[in-house]
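Colleague: Next up is a structure, given as structure tokens.
Protein chains: 4
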Amino acid sequence: MSRPTTRLCTSTADDVFVRGKSLTRELIGELTFTEAMFFQILGRVPGPAETQMLDACLVTLMEHGLTPTAITARMTYTSAPESMQGAVAAGLASVGSLYVGTMEGCAHLLRRIVRAESPQAEAAAIVAEHREAGARVPGFGHPVHRPDDPRSIKLFELARSLGIAGSHVEAIELLSATIDRESGKHVTINATGAIAAVLSDCDVPAEILRGFALISRCAGLVGHIREEQVEPAMHAMWHGAESAVRHE
Amino acid sequence: MSRPTTRLCTSTADDVFVRGKSLTRELIGELTFTEAMFFQILGRVPGPAETQMLDACLVTLMEHGLTPTAITARMTYTSAPESMQGAVAAGLASVGSLYVGTMEGCAHLLRRIVRAESPQAEAAAIVAEHREAGARVPGFGHPVHRPDDPRSIKLFELARSLGIAGSHVEAIELLSATIDRESGKHVTINATGAIAAVLSDCDVPAEILRGFALISRCAGLVGHIREEQVEPAMHAMWHGAESAVRHE
Amino acid sequence: MSRPTTRLCTSTADDVFVRGKSLTRELIGELTFTEAMFFQILGRVPGPAETQMLDACLVTLMEHGLTPTAITARMTYTSAPESMQGAVAAGLASVGSLYVGTMEGCAHLLRRIVRAESPQAEAAAIVAEHREAGARVPGFGHPVHRPDDPRSIKLFELARSLGIAGSHVEAIELLSATIDRESGKHVTINATGAIAAVLSDCDVPAEILRGFALISRCAGLVGHIREEQVEPAMHAMWHGAESAVRHE
Amino acid sequence: MSRPTTRLCTSTADDVFVRGKSLTRELIGELTFTEAMFFQILGRVPGPAETQMLDACLVTLMEHGLTPTAITARMTYTSAPESMQGAVAAGLASVGSLYVGTMEGCAHLLRRIVRAESPQAEAAAIVAEHREAGARVPGFGHPVHRPDDPRSIKLFELARSLGIAGSHVEAIELLSATIDRESGKHVTINATGAIAAVLSDCDVPAEILRGFALISRCAGLVGHIREEQVEPAMHAMWHGAESAVRHE
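Protein chains in written order, with the numbering used here: chain A, 1 to 248; chain B, 249 to 496; chain C, 497 to 744; chain D, 745 to 992.
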């Protein structure tokens, strides 16, 4: 078997090197955590605008209230307080297709539009495919935030003011206009759609987008575990969940 | 049962509020991810020096090479690529007592010293307790980084230059001097010890310290999953692990 | 580094061997799953009485209704249906100190009594230690099943009729009598206490007891996931849990 | 929201009821664990032949040596021994599409053949679809067990002698003959294919098949954790995995 290569980390007695940069001389105290994670994951230090854009996306995804993810982490923590890592892991296990899968799905569609000879025709084809399959276009629609998702508005504003907005933000606007025209009403561009667009314009590949959501939600979950430490809600949530179901 | 309260998140059609602050007007684009996670977890926006200190700690903990945590995440990802969240969760499950438990253990000891009437006597008592139990003092010793851990040196320098270094950094220096005197040689203050000290001086409670390690490692693991996507090492690692064990 | 040995599995083109036995000639169709897991974990095929006893314990632990473990698995499954394994894993993460830790704790105490010169004195010492620490003796007490846990009664009956009941069942009876005398009232021997006793009498080490609980709960969780597939309760439970907490 | 119903468990002070049966009078001591899990998951007590068939499948899937699943569980256990549940959970997270997904995929194909007007034509269509997509037919092929998988042979023998073998075993034989004819050579029916066929003939729905694999692997992992307790291999495996990758 040929030996694969890892380029992430080497160390000596004197230093640690992450992707070839000295941890103590070039990273600690020199990069923010956001810059460092971009470097770790994608192999290049982001520029200031990209960093602000990624910060904005991470802040957007971090906290969503008592979602299944948060409920799960809090219940697991109080059931097994010896293992905070288990509680965070259990919570993250639900950050899957239903919640963040749409981000990747949307990014793939935007890539198709950007690469198409006729973006208009590609957007129309995408809308037709989804209508035929009876499926929502990923990145669009929201049960509460109507007509517009305030987070998307903010992220697009920021992308423009930072000079990040490029072909993928254009593509989502085109896709949005196409959806609105075809459905005869305005459909929300939700936050996962907006994030797919702005991070694609930072050259983040669709395949790893979910990873940034996981990092951000991880921080959100630590906040829930901290709240569970100081004001435990597990037993009330358990009782509430149990009572919501008829037992036969 | 009395109803517990959550203060983390509420939302309206127009906005989302995290701990009472408007997500779109006060958080996205206004706080870095590091500031936002500190606010989410501890309930106050950190000052610039605290933010830089936390950034430095998160950058320090992020990447450690092909550790069990990283190997686990990469093996799980390639076995079940439908679930990146499962791979990250599996990896984080090993961020436990052996690796980051020492951070909490050290922070508890530093708190004892800070609160003691005689810090010197408390430090001596701590060293005696551990010697009697045949246990290493958490936060001290390192298999590779000798005589000193370059990350600890860097973190203490930064803590001093930022004006963060306070009673807990003093406490770990006192504990270190006590250990060296009692053992007759210099024992490394490792990175988890240094982080315990500097984050305690940012008023981060010992009980939630592991949470910051989890967030940081989560970013590190996403980097490993990305590398696994572009240069898969799973089968080589599997073969290497299997061959290292005799089968009877 | 000296090479450690694994004795669990080898294979050839023609067969697979588990702990030296031919999978196709000696295990499949020859052993029940319960016998096979005992053999896999402990290295010997159990006798018929031990098998029935272990079956009884596994059946006892399997299903407990909408506990945090089950709620977690169901929420995770519906959030990320692409990964049934993630849902089971998330559920199992909460099978920790609060729920099954007592089984191990109880088994350790029974071992102390069995090995003591004076079992009576050891039982008294154990009760005194726990009273002093303000802690419940693991394996004793139950919020619903009073004065007796019907599962414990059944398990002890079975242990006697199968000829399994030995020194550890005697030890838990002695411990129970001591607790009742010291507290002036009858305290329930709960199911985890009974299981600790009867499995210790099958020579199952305390250190691996939790493993059997995990296998049994795993089956219980698959039942919850199946029910979630045919009658989804996740959204009702989520709403119930969320509504049970005040949002500020 | 309409209240969903759970039918799995209710309890009183005197007893616990699982799907309406008394735990203490009808389940503990009356059903084996295999019978009880079938009842828990599918709602009916299996007959003796179905029980033996399920036992055989569970025994087949339990142990596969130092696979990524086992390596992961052992590394996680030794990194965080406070949480055996975390180690099992981490291991199970890799029981996904690559390893057991084929069982479900195969069961879906067998269902198509069983329900088709012309099973021959359906089998041919399935083979053509996979050839066109450049994909292996799930349930077929094995890197080591050639020309036949000894586990499959054994499971089919057992299914016949127990009177379980029915339309789905016929369907996999038809599919196998079609594959062999089209590819001009004999392709192995692997163990996941055989299990898909025989459990489908026990009326186990394809959608929950993976659940039985998870239960069985859970037992296998507890065996690995036990071996790790008595003969730790983690550090050797870590070193082996790390050395198998070039570090740049």
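The beta carbon of each residue, even a glycine, is placed where N, CA and C say it ideally should be.
So with CB distances below 9 Å, who are the chain C contacts of threonine 258/B?
Modeller: Those within 9 Å of threonine 258/B in chain C are His743 and Glu744.
Colleague: How long is the line joining the alpha carbons of glycine 441/B and cysteine 354/B, rounded to whole angstroms?
Modeller: If you take the alpha carbons of glycine 441/B and cysteine 354/B, they lie about 6 Å apart.
Colleague: Tell me which residues share the same chain as glutamate 49/A and place their Cβ nearer than 7 Å to its Cβ, disregarding the 5 neighbours each side in the sequence.
Modeller: The question names glutamate, but residue 49/A is alanine in the sequence shown. Taken in chain order, the residues that qualify are Leu162, Gly163 and Ile164.
Colleague: Per DSSP, which one or two residues make a beta bridge with cysteine 753/D?
Modeller: Partner(s): Val762/D.
Colleague: Going by beta carbon distance, what residues of the same chain come within less than 7 Å of threonine 556/C, once the five residues before and after it are set aside?
Modeller: Only Arg647, Leu651, Ala687 and Ile691 meet the Cβ criterion.
Colleague: For glutamate 703/C, which residues in chain D fall below 7 Å Cβ to Cβ?
Modeller: Simply Gln973.
Colleague: Is it buried or exposed for alanine 425/B, if we count other Cβ within 10 angstroms and need 16 for buried?
Modeller: Per the 10 Å Cβ criterion, exposed.
Colleague: Return helix, strand or coil for isoleucine 437/B, following the three-state DSSP convention.
Modeller: Looking at isoleucine 437/B - three-state DSSP - the assignment turns out to be strand.
Colleague: Start and end of the alpha helix (DSSP H) containing arginine 429/B?
Modeller: Run containing arginine 429/B: 415-431, per the alpha helix (DSSP H) assignment.
Colleague: Between which two residues does the alpha helix (DSSP H) harbouring alanine 304/B extend?
Modeller: Where alanine 304/B is concerned, the enclosing alpha helix (DSSP H) stretches over 296-310.
Colleague: Given a limit of 9 Å on CB to CB distance, which residues of the stretch 293-313 of chain B reach chain D?
Modeller: Flagged, chain order: Gly313.
Colleague: Residue ranges of each alpha helix (DSSP H) run of no fewer than 4 residues wholly in the stretch 204-248 of chain A, ordered along the chain?
Modeller: Whole alpha helix (DSSP H) segments, 4+ residues: 209-230 and 234-243.
Colleague: Does the pairing of the stretch 969-986 of chain D with the stretch 947-959 of chain D give three or more beta-carbon distances under 8 Å?
Modeller: As far as the Cβ criterion goes, the stretch 969-986 of chain D does not touch the stretch 947-959 of chain D, which means the pair count is below three.
Colleague: Quick one: residues in its chain with C-beta nearer than 8 Å to the C-beta of glutamate 308/A, no 5 flanking neighbours on either side, listed in chain order?
Modeller: Outside the displayed span of chain A (1 to 248) sits residue 308/A, for which this structure offers no information.
Colleague: Whose C-beta lies closer than 6 Å to the C-beta of arginine 111/A among residues of the same chain, with five residues either side of it excluded?
Modeller: Correct list: empty, nothing qualifies.
Colleague: With cysteine 354/B as the anchor, note down where its alpha helix (DSSP H) starts and where it stops.
Modeller: Element bounds for cysteine 354/B: 349-363.
Colleague: So serine 243/A and glycine 736/C are in contact, right, with Cβ under 8 Å, and what is the actual spacing, rounded?
Modeller: Confirmed, about 6 Å.
Colleague: Indicate whether leucine 468/B and methionine 310/B have their beta-carbon atoms separated by less than 8 Å.
Modeller: First, the residue type needs correcting, since residue 468/B is glycine and not leucine in the sequence shown. Closer than 8 Å, so yes.
Colleague: What are the partner residues of phenylalanine 140/A, as DSSP defines its beta bridges?
Modeller: In the DSSP output, where bridge partners are listed per residue, phenylalanine 140/A has Ile189/A.
Colleague: Can the beta-carbon of glycine 630/C be found less than 8 Å from the beta-carbon of threonine 684/C?
Modeller: Contact: no.
Colleague: So, helix, strand or coil for glycine 809/D, using DSSP?
Modeller: In the structure shown, glycine 809/D sits in coil (DSSP, three-state: anything other than H, G, I, E or B).
Colleague: Scan the stretch 823-851 of chain D for residues whose Cβ lies nearer than 8 Å to a Cβ of chain A and list them as they occur along the chain.
Modeller: Going along the stretch 823-851 of chain D in chain order, one finds Ala824, Glu826, Ser827, Gln829, Gly830, Ala833, Ala834 and Ala837 with a Cβ nearer than 8 Å to chain A.
Colleague: Quick one, which of Gly525/C, Leu605/C, Asp551/C and Arg503/C has its alpha-carbon nearest alanine 655/C's?
Modeller: Selected option, being the one with the closest Cα: Asp551/C.
Colleague: Less than 8 Å between CB atoms is the rule here; does valine 966/D satisfy it with respect to chain C?
Modeller: For valine 966/D, the answer is yes, since a Cβ of chain C falls inside 8 Å of its Cβ.
Colleague: Please state if the CB of isoleucine 959/D and the CB of methionine 781/D are separated by a distance shorter than 8 Å.
Modeller: Contact: yes.
Colleague: Only counting the same chain, and skipping five residues up and downstream in sequence, which positions put a Cβ closer than 8 Å to that of serine 366/B?
Modeller: Hits under 8 Å: none found.
Colleague: Taking the C-alpha atoms as reference points, what is the distance between proline 232/A and glutamate 26/A?
Modeller: Each residue's Cα considered, the two are about 41 Å apart.
Colleague: How long is the line joining the alpha carbons of valine 844/D and glycine 835/D, rounded to whole angstroms?
Modeller: One C-alpha to the other measures close to 14 Å.
Colleague: From this set, Thr299/B, Val266/B, Leu271/B and Arg379/B, which residue's C-alpha is nearest threonine 34/A's C-alpha?
Modeller: Out of Thr299/B, Val266/B, Leu271/B and Arg379/B, Thr299/B has the C-alpha closest to the C-alpha of threonine 34/A.
Colleague: If you measure between the beta carbons of methionine 571/C and isoleucine 71/A, is that distance less than 8 Å?
Modeller: In contact: methionine 571/C and isoleucine 71/A (Cβ atoms closer than 8 Å).
Colleague: Indicate whether at least one CB of chain D lies closer than 8 Å to the CB of serine 464/B.
Modeller: Taking Cβ atoms only, chain D never reaches closer than 8 Å to serine 464/B, which makes this a no.
Colleague: Following a CB-centred definition, is glutamate 779/D positioned closer than 7 Å to any heavy atom of the ligand ADP?
Modeller: The ligand ADP is absent from the structure shown, which contains no ligands of any kind.
Colleague: Whose Cβ in chain B lies nearer than 7 Å to the Cβ of threonine 816/D?
Modeller: Near threonine 816/D (Cβ distances below 7 Å), the residues of chain B are Thr320, Met323, Thr324 and Ala338.
Colleague: Do you know how far the Cα of glutamate 723/C is from the Cα of histidine 968/D?
Modeller: In a straight line, the C-alpha of histidine 968/D is about 30 Å away from that of glutamate 723/C.
Colleague: Would you tell me roughly how many angstroms separate the C-alpha atoms of serine 22/A and cysteine 9/A, rounded to the nearest one?
Modeller: So the alpha carbons of these two residues sit roughly 10 Å apart.
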